Structures are given as C-alpha cells and as structure tokens.
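Everything below concerns the one structure shown next.
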Amino acid sequence: MPELPEVETVCRGLQLQLPGSFVSEVDVLRDDSIGYPEVEEFIDQLAGHRFESVTRRGKYILINLDRGAGLACHLRMSGRLMVVKDLQQPSRFLRVRMGLKDGRELRFEDMRVFGRLWYVPPGKTFVDVIPTLGELGVEPLDQMSGEILASLFDGKKQPVKTALLDQRLIAGIGNIYADESLYQAGINPLRPAGTVKRAELDKLANEIQKVLKRAIKHRGSTLSDYRDSEGVNGNYQNKAGVYGREGLPCRVCKSEIERVKIAGRSSHFCLVCQPIKAVRKSRK
DNA sequence: CCGCTGACCTGCCTGC
DNA sequence: TGCAGGCAGGTCAGCG
Ligand SMILES: [Zn+2]
65 MPELPEVETV CRGLQLQLPG SFVSEVDVLR DDSIGYPEVE EFIDQLAGHR FESVTRRGKY
125 ILINLDRGAG LACHLRMSGR LMVVKDLQQP SRFLRVRMGL KDGRELRFED MRVFGRLWYV
185 PPGKTFVDVI PTLGELGVEP LDQMSGEILA SLFDGKKQPV KTALLDQRLI AGIGNIYADE
245 SLYQAGINPL RPAGTVKRAE LDKLANEIQK VLKRAIKHRG STLSDYRDSE GVNGNYQNKA
305 GVYGREGLPC RVCKSEIERV KIAGRSSHFC LVCQPIKAVR KSRK
C-alpha cells in the first residue's frame with residue numbers, strides 16, 4: 065500500500081542502516097518475488113555485495129551495491145523491506161531473506177506477492193533490468209506546478225484522478241494521495257483531465273506537494289500492514305481528509321462523502337466541495 | 001495512440 | 001460454522 069511517502073520513508077531508514085554492510089547469504093522463500101534474474105542467479109550473485117546507498121524513483125527503491133551492481137525493490141500493495149537486528153521469528157509473509165555479515169537481516173515480506181526484487185548485475189543499469197523505470201514521469205516533490213500539470217493533462221479525456229495515478233505522467237502518487245490531493249484542491253476526480261482550469265491546476269499542484277510532504281513528515285500513512293524499515297507503524301491514516309470516509313460527513317461542509325470506482329479503484333470525494341461542474345456564483 | 005477491464009495473490013470482513 | 005462476495009495503498013497485458 066505504499067505510495068511515494070511510504071517508499072521515501074523506507075528509503076531513508078535503509079540509507080541509515082545499510083551502507084557499508086555486506087550480504088552474506090540469500091534465501092528466497094517465494095520464487096515469484098524475484099523479478100530478475102532467475103532465482104538461482106539472484107541468490108548466487110547478490111551474495112558477497114556491499115551496500116553503498118539507497119535512493120528512490122517513483123515507488124521504486126533503488127539500492128546501489130559495490131562493483132556497479134544494484135538491488136531494486138517495488139513494494140506494490142503489501143510489500144515491506146526492513147532491516148532486522150534481533151532476529152525474532154519472521155512473519156509468515158517473509159518472501160526473501162538476506163543475511164548480513166554483521167548478523168542482521170534485510171527482510172522482504174509481502175502478503176500478496178505482488179512486490180518484486182531485482183538484482184542488477186555489474187555493467188547493467190536499473191533501466192536495463194526494469195524498462196518501465198525509464199518511462200516514469202516527473203518526481204512530484206521536485207517538478208510540480210500548474211504549468212507542468214497543464215502540459216501533462218492537455219487533451220486528456222480520462223478522469224483527472226486516472227491521470228494522477230498514471231506513473232508515466234507523475235511518479236509516486238497512488239490511490240490515497242490522489243484522493244487527498246483532489247479533495248484539498250476542490251476538484252472532482254471524475255472531471256476529464258484536460259478540462260481542469262489552469263487556476264485549479266495551480267491549486268492541485270500545490271496540494272499534491274503539501275499532501276506528500278506532510279505524509280513524509282508523519283513517516284507515511286498506514287492502514288494496517290505498512291511498516292517502515294524498522295517495522296514501526298506509520299501514523300497518517302487517522303489524519304486522512306477524505307480517503308476511506310464514505311458515508312461520513314465532509315470535514316469542511318458536513319455533506320456525506322461519496323465513493324465511486326475510477327480506473328478500478330475506490331475513489332472518495334465530497335460532491336459539494338468537489339462539484340462536477342464549475343461552481344457558478346449565484347446572484348442575490 | 002487512448003482508455004478501460006481483468007488478472008496477478010492472499011487475507012480479512014460482512015452478510016446470509 | 002460455512003461460504004460467497006467485496007474489499008485492500010499497484011501494475012501490466014490485452015482488447016475495442
Ligand atoms: Zn464538503
């Protein structure tokens with residue numbers, strides 16, 4: 065369930081814990097969790113590497129290893145990547161275990177098995193191994209403005225929420241933060257992306273950054289199965305403005321929050337604060 | 001090219 | 001208690 069803020073939180077935790085340590089042994093408990101190369105090669109080739117640094121691109125965790133190699137991870141819906149010091153007994157969702165020379169473990173847990181780990185051999189790049197990484201759109205914390213959104217959404221008839229979820233346009237926004245950003249900006253998620261006015265896009269760009277930054281500050285949101293690299297629960301969910309609040313009163317106007325499916329995902333909004341048509345000021 | 005739907009996988013919760 | 005159906009923070013192939 066991690067979106068950009070949760071992934072960023074995990075990366076920051078790993079960057080504090082991993083650099084300098086060596087992989088001593090690798091144990092793959094579920095073959096489907098390995099995206100590249102074949103499981104046997106993954107196990108043999110990852111062992112012996114030293115961790116150098118941890119970065120993020122969209123929702124991908126990118127770990128640079130020595131000798132120009134790399135380890136990438138996508139958590140998808142239920143993945144967790146964490147360093148464990150006291151080797152308590154692992155969760156039943158443990159999929160890949162990477163023992164470190166100093167006795168700690170890097171664990172990849174993933175209930176639904178949608179997440180993936182990729183080993184990037186020396187001489188190859190992350191994009192060589194994960195082509196879609198090369199198609200990701202702008203990083204919303206670095207490049208975000210009404211002007212950028214206007215050019216990304218130009219001519220698009222799909223709902224504006226669908227456009228926000230398209231990782232080729234903007235990398236890192238997921239279902240919760242799409243709903244939250246649109247709610248804060250007062251834009252109905254069903255409106256065709258290309259019809260949202262420039263002033264509204266200015267507002268949306270600003271709210272996207274605010275919502276993401278706030279979530280990072282609070283260590284990422286959580287429902288129930290998200291943890292950061294140390295296994296500490298995030299704590300943003302109880303602060304959600306609209307996500308998961310179907311039937312409850314809007315925090316601004318008290319109208320009932322609606323839920324509809326957009327692009328196959330649950331979408332929450334307030335019909336009063338986020339009207340389908342532009343609000344027309346009535347004359348007295 | 002665009003936009004939508006189902007599939008991937010596992011578990012939890014609700015209602016009959 | 002059992003069982004069916006809906007839900008879950010993501011992405012991708014396939015189709016019209
Ligand atoms: Zn409202």
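Everything in the first sequence is counted per the working numbering, starting at 65 for the first residue and increasing by one. A virtual CB, placed ideally from N, CA and C, is assigned to each residue, including glycine. The structure presented is a predicted model; accordingly, all values stated were derived computationally and were not measured.
Of the residues assessed, A133 falls on the buried side of the cut-off, its CB having 16 or more other CB atoms within 10 angstroms. Taking the Cα positions, W182 is about 6 Å away from I98.
One thing to note: R121 has its Cβ no nearer than 8 Å to the Cβ of E72. Secondary structure of D96 (DSSP, three-state): helix.
The three-state reading of DSSP puts S209 in coil, since its state is none of H, G, I, E or B. Taking a 10 Å sphere around the C-beta of R156, we find fewer than 16 other C-beta atoms and assign the residue as exposed.
Segment contact: the stretch 251-264 against the stretch 323-336, three or more CB-CB distances shorter than 8 Å; contact assigned.
In this structure, L68 lies away from V118, with their beta-carbon atoms at least 8 Å apart. For D91, same chain residues with a beta-carbon under 6 Å away, outside a window of 5 residues either side, are R161 in chain order. Around the CB of E102, fewer than 16 other CB atoms lie within 10 Å, so the residue is classed as exposed. A check of alpha carbon separations from D166 across K277, R176, V147 identifies V147 as the nearest. Annotated as proximal: E244 and G305, with beta-carbon spacing under 8 Å.
The set of residues with any CB-heavy atom separation to ligand 1 below 6 Å comprises, in chain order, C314, V316, C317, S319, C334, V336, C337. In the structure shown, P313 falls within a strand segment according to DSSP collapsed to helix, strand and coil. Within the stretch 166-230, the runs of beta strand (DSSP E) that reach at least 3 residues and sit entirely inside it are, in chain order, 169-174, 180-184.
As computed with DSSP, F106 is found in no beta bridge at all. Shown here, R283 sits in coil according to DSSP, grouped into three states, outside any helix or strand. Nearest neighbour of G201 by Cα position, chosen from L233, D95, Q222, turns out to be L233. Just so you know, the alpha carbons of I212 and A327 end up roughly 23 Å apart.
Approximately 7 Å separates the beta-carbon atoms of R114 and L129; this is inside 8 Å, confirming the contact. Annotated as proximal: Q338 and L246, with beta-carbon spacing under 8 Å. CA-CA distance, R144 to L170, rounds to 10 Å. Each residue's CA atom was taken as its position, placing C317 and G311 some 13 Å apart. In the DSSP assignment, R121 falls outside any alpha helix (DSSP H) and within the unbroken beta strand (DSSP E) covering 115-121. For C137, the uninterrupted beta strand (DSSP E) segment begins and ends at 134-138.
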